[in-house]
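Visitor: This is the structure I want to talk about, given as structure tokens.
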Amino acid sequence: MLFELVLVKKCSAPQTISFGSYSPVETSGEHEFGTSINYTCDFGYFLDSGNDVRTCNDSKQWTGATPVCKSMAFFNGDPRKLSML
1 MLFELVLVKK
11 CSAPQTISFG
21 SYSPVETSGE
31 HEFGTSINYT
41 CDFGYFLDSG
51 NDVRTCNDSK
61 QWTGATPVCK
71 SMAFFNGDPR
81 KLSML
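Quick note: the sequence shown uses full-length UniProt numbering, first residue 1, plus one each step.
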């Protein structure tokens, strides 16, 4: 008999962010290779930097940079960024 061992590559839980969240959230805390998550900022905040979509890659790492949400009360940048809300 010949058995094939298949190891599923998984990323650890993605980094949480202040004033925002990501989905989907896995109850196990791990996401399988190829899974994408979407970050969103809380009401009154905008995505200032980082990536709103990140994917678990074959190196068991999340692609892109962890996003940063900033308060609109202090917004003094490019008004085109506000369209990301």
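C-beta atoms are modelled at their ideal positions from N, C-alpha and C, and glycine is treated no differently.
This one's a predicted model, so the numbers in the text were calculated from it and none came from an experiment.
(1) Can you give, in chain order, each stretch of the beta strand (DSSP E) that sits fully within the UniProt domain "Sushi" (9–71) and has at least 3 residues?
(2) Report buried or exposed for MET84, applying the criterion of at least 16 other Cβ atoms within 10 angstroms of its Cβ.
(3) Rounded to whole angstroms, what's the CA-CA distance from MET72 to TYR39? Just pull it up for me.
(4) Apart from the five residues just before and just after PHE33, which ones in its own chain have a Cβ nearer than 8 Å to its Cβ?
Guide: Straight from the coordinates:
(1) Listed in chain order, they are 20–23, 36–41, 45–49, 53–55 and 68–71.
(2) Annotation note: pLDDT 47 at MET84 (below 50); position unreliable, coordinate value reported separately. Burial call: exposed.
(3) 17 Å
(4) VAL8, LYS9, LYS10, CYS11, CYS56, ASN57, ASP58 and LYS60
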